[in-house]
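Report on the following structure.
Number of protein chains: 4
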Amino acid sequence: MTQKRIHFTASETPEAQTALKRLVHQYGQNPVSQADVIVALGGDGFMLETMHRYMAAEVPIYGMNKGTVGFLMNNYDEDNLHDRLEVAEVTTLHPLKMAAKDMHGRVTEALAINEVSLLRESRQTAKIEIKIDDKTKVDELTCDGVLVATPAGSTAYNFSAHGPILPVNAGVLALTPISAFRPRRWRGAILPREARIVFTILESKKRPVSAVADAVEVRDVATVAIEEARNINILVSFDPEHNLEKRILDEQFMH
Amino acid sequence: MTQKRIHFTASETPEAQTALKRLVHQYGQNPVSQADVIVALGGDGFMLETMHRYMAAEVPIYGMNKGTVGFLMNNYDEDNLHDRLEVAEVTTLHPLKMAAKDMHGRVTEALAINEVSLLRESRQTAKIEIKIDDKTKVDELTCDGVLVATPAGSTAYNFSAHGPILPVNAGVLALTPISAFRPRRWRGAILPREARIVFTILESKKRPVSAVADAVEVRDVATVAIEEARNINILVSFDPEHNLEKRILDEQFMH
Amino acid sequence: MTQKRIHFTASETPEAQTALKRLVHQYGQNPVSQADVIVALGGDGFMLETMHRYMAAEVPIYGMNKGTVGFLMNNYDEDNLHDRLEVAEVTTLHPLKMAAKDMHGRVTEALAINEVSLLRESRQTAKIEIKIDDKTKVDELTCDGVLVATPAGSTAYNFSAHGPILPVNAGVLALTPISAFRPRRWRGAILPREARIVFTILESKKRPVSAVADAVEVRDVATVAIEEARNINILVSFDPEHNLEKRILDEQFMH
Amino acid sequence: MTQKRIHFTASETPEAQTALKRLVHQYGQNPVSQADVIVALGGDGFMLETMHRYMAAEVPIYGMNKGTVGFLMNNYDEDNLHDRLEVAEVTTLHPLKMAAKDMHGRVTEALAINEVSLLRESRQTAKIEIKIDDKTKVDELTCDGVLVATPAGSTAYNFSAHGPILPVNAGVLALTPISAFRPRRWRGAILPREARIVFTILESKKRPVSAVADAVEVRDVATVAIEEARNINILVSFDPEHNLEKRILDEQFMH
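Protein chains in written order, with the numbering used here: chain A, 874 to 1128; chain B, 874 to 1128; chain C, 874 to 1128; chain D, 874 to 1128.
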């Protein structure tokens, strides 16, 4: 059995940088282009960055926790890394693709692993029309905002906004309003993954809204189109005893 | 194109019986064993009965609404039935299989199209252990009860108990507590369809609990095992413009 | 300053009985009729029993925790009891008065410190009409059940059934449905304390419902009338640093 | 019985202006300083403006509906106005007093009849410390925002943010988070009306937050102190059959 060639990458914290040095010393460093696996050292935030950076590579990313929050990370251990990588289970995630057009007609495209969210920018309540597959489903959602989340992101912002946790392989997306005023306390919907969602901001000058796809923020949007980018495969690698499906399942039994 | 052979069946209301006579007169009647399609006349309650009765036949069931609630029914119309049946879209549902053992050791097996639910029988709060795939997930759920719902049933009792609506093809089940006292306001979980759920009633003499699978009720249960019966296919037939997936999606935008 | 004459009472657990002996030895025992304060040793369950037993006495009840749950209890300490009783703060609670008429016309009256609750007895969904001050507010609540809770009881069953926590001096009651099916996910209401609530069970033979006022259960009810018994004063005594208002407030910040 | 002297005021819509002319013609116009009652013609938005403008006058304000939303308004009718005013019931409301200090040390004071709300201004999640009566109740609320609502405002923004509806005379305030991320899905609290709430924005440069008291918005706040202004009495006048208490009660039974 040939050992996997590893590319290590680490967040900027001293702990992660020290771990990087020790692991590179022990296992060697390979350029991404020749790596069989990327090992990311840090917390969930750095893992998301790494996933964005190496999306195109279609190389599995194996996180080891050197951060404060580690939902997406395996436990840190310097020993037996080759053995762990050999048996690790890979989950394929698809990001959301956002195309946001602002009030001046500029279009920004960005990918989101967790969610695309819209939020009002001023004291003026947002008014948003929701179309799914070209059909108007909500004429006018009066709200603080609205978001679309992937299953992997369903435990994050979506959950805070009272949305449902989704199994990672369920093939669905969560559409979740933030403080829905009209329709009164509308709870949102679970959509098939093929859904193409278009938000149109009504009275967008008086009621400015910003859109965010992971780290990319677009101010003063006019329309935001969102769909799953099923042609982009993000490979995330987990120790079998704590794979992503089990984590999201277990997350629902925490209290 | 050969016309489908139809077996008509109807609920006992005068409206449904009148419709039965008119339709048999117009389209003829066939025994179930020779039918290509079963047309059920009534409301959702009768449709569920029909699905239970003809589960084994694996013949599509096409409901026409002659009842008060018609979520599972197509619109009633006596004309062009052959054309409608020709283009109707068939959704395959799998029921849940319940094996409930009572305090005297008797085992009752039953199938549920919507949900299997447990509820306390007396003023004593129920205490229930929840295992999934042989792993204890909740040691002791103190509650009024708990249920497992299919996607097709997720808009019914599950929704009333504050559970999530599930897309019909999402391949998941909803595990939803009823008035969870401990863990405090636990919200339940969305499970992969392969999950095998076992409820064990704690202190079952002092705290009696009944279990219900659609129309079958078992009093004083000790353990209840639930899993999807993927070997049983229930074929439900809908006009394309109102198929089940669209109905459940639209249900989430009603207010 | 005259020392208060104490009547001690304890639950049947060995710990509570031992504490009873030690405290009676140290502070003496007085009959209830001559006591200035009742000291109850046990947990919340025993405290509720004590409150029911000595309601009419209008003597403050001071609980000391010798049980597993002690939301209503002060910390246990054998020292300085007279000093603690001197500065303790008394909260006046009013119970709910339930008058439940069953299907045979028998009327049962009972008092509830926490809540009066109704729950279906069989697999048949309950159908309940709700009147407030003789006005029909809900024609037909299709549900597992419904409850009315006092502020003191709002953190208990009411909270599990997704009802709101109420400040102890807010002068309101919570009306909370259990698994409301129709009206779809109705959330219940916060009522003024003067409200007189009457539940009428519809189709009560086919759909039997039981009613519970704390430890009293009435099977097969036809109507249940509930109102605050403002003529009954239950005096509960707390150390100032943990009085009931602060506890209920703090309960809302626990997580 | 002396007739009340009326000051009429109207929103700028043609309908309200026409009504103003007709009513002034029929009943005469009086300056506010000599009026026994102010009659406001418009919708809820205009009613709130009128309440703000004439707060100090302590003259009852009687709204008549010429707008799109009329929760605070009586039905429009040109006849028998003196009779209606004679029997109208007056509810006294107290606004919230907000003192918001921004990052540059500037303090803005404003009154809010419905609620004081805070919302993040950028894609950075807000982190907010919550003190009540000088005691830290939440160290760090990670969220979109948070609000404090009066009972009169509890059916508005507070309800959209999943907060409870409060009876108008309950003497309580609602503290409600908007998309609470940590503590996970914290539900907020019902506070006694005497509570003094202070929000401190953590990392306020990186995570800017704005505060809004009805129509007054303060950007980039550092701290926001909120308490009920019990010295300010806003008198709102309603036809007895639809007084405010009944409206808020009925609102809870709408579905």
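Where is the CB? At the ideal position from N, CA and C, for every residue including glycine.
Once you ignore the five residues that flank residue i on each side, which residues in its own chain have a CB closer than 8 Å to its CB?
| i | result |
| --- | --- |
| residue 1059(A) | 1011, 1014, 1050, 1053 |
| residue 1032(D) | 1038 |
| residue 980(B) | 972, 973, 974 |
| residue 1026(D) | 985, 986, 987, 988 |
Can you name, in chain order, every residue of its own chain whose Cβ lies under 6 Å from the Cβ of residue i, other than the five neighbours on each side?
| i | result |
| --- | --- |
| residue 1085(C) | 990 |
| residue 896(D) | 881 |
| residue 1044(A) | 1066 |
| residue 941(C) | 916 |
| residue 1124(B) | 1028 |
| residue 1070(C) | 1005, 1021, 1099 |
| residue 955(D) | 876 |
Does any C-beta atom of chain B lie closer than 8 Å to the C-beta of residue i?
| i | result |
| --- | --- |
| residue 955(C) | no |
| residue 999(A) | no |
| residue 1043(A) | yes |
Leaving out five residues before and five after residue i in sequence, what residues of the same chain have Cβ atoms less than 7 Å from its Cβ?
| i | result |
| --- | --- |
| residue 1120(B) | 944 |
| residue 930(B) | 905 |
Below 9 Å on C-beta distance, what does residue i contact in chain C?
| i | result |
| --- | --- |
| residue 1027(B) | In chain order: nothing, as chain C lies at least about 13 Å away. |
| residue 1046(B) | Result: empty, since nearest Cβ-Cβ is about 18 Å, beyond 9 Å. |
Quick one: is residue i near chain D, going by C-beta distance under 8 Å?
| i | result |
| --- | --- |
| residue 980(A) | no |
| residue 1010(C) | yes |
| residue 992(A) | yes |
Taking 8 Å as the threshold (beta carbon to beta carbon), is residue i in contact with chain C?
| i | result |
| --- | --- |
| residue 984(B) | no |
| residue 1050(D) | no |
| residue 930(D) | no |
| residue 1054(B) | yes |
| residue 1034(B) | yes |
So is residue i in contact with chain A if we call contact Cβ pairs under 8 Å?
| i | result |
| --- | --- |
| residue 996(D) | yes |
| residue 1090(D) | yes |
| residue 1058(D) | yes |
| residue 1017(D) | yes |
| residue 890(B) | no |
| residue 1085(D) | yes |
| residue 1022(D) | no |
| residue 925(D) | no |
Between residue i and the ligand SAM, is there a pair consisting of the residue's CB and a ligand heavy atom that are separated by less than 7 Å?
| i | result |
| --- | --- |
| residue 1067(D) | The ligand SAM is not part of the structure shown, which contains no ligands of any sort. |
Name the chain D residues that come within less than 8 Å of residue i, Cβ to Cβ?
| i | result |
| --- | --- |
| residue 1038(C) | 1062, 1063 |
Name, please, each residue of chain D whose Cβ falls closer than 9 Å to the Cβ of residue i.
| i | result |
| --- | --- |
| residue 884(A) | By Cβ distance, chain D contributes nothing, its closest Cβ being about 18 Å from residue 884(A), past 9 Å. |
| residue 1122(C) | 1005, 1010, 1062, 1063, 1064, 1065, 1068 |
Whose Cβ in chain B lies nearer than 8 Å to the Cβ of residue i?
| i | result |
| --- | --- |
| residue 1125(A) | 1060, 1061, 1062, 1063 |
So which residues of chain C does residue i contact, with C-beta pairs closer than 8 Å?
| i | result |
| --- | --- |
| residue 973(B) | Going along chain C, no residue has its Cβ under 8 Å from residue 973(B), so there is no contact; the nearest lies around 13 Å. |
Mind pulling the alpha helix (DSSP H) runs of 4 or more residues that sit fully within the segment 887 to 932 of chain D? 887 to 900, 917 to 926
Is it a yes or a no for the segment 1089 to 1101 of chain D touching the segment 888 to 901 of chain D, going by three-plus beta-carbon pairs under 8 Å? no
At least 3 beta-carbon pairs within less than 8 Å: the segment 878 to 885 of chain A vs the segment 902 to 919 of chain A: yes
Is there contact between the segment 995 to 1010 of chain D and the segment 1070 to 1077 of chain D, where contact requires at least three CB pairs shorter than 8 Å? yes
Contiguous beta strand (DSSP E) assignments of at least 3 residues, all confined to the segment 959 to 1015 of chain B: 962 to 966, 969 to 975, 980 to 985, 988 to 993, 999 to 1005
To test your reading of the DSSP string, which unbroken alpha helix (DSSP H) runs of 4 or more residues are found completely within the segment 1022 to 1094 of chain B? 1030 to 1033
Is the segment 962 to 979 of chain C touching the segment 1103 to 1118 of chain C, taking contact as three or more C-beta pairs under 8 Å? Yes, they touch.
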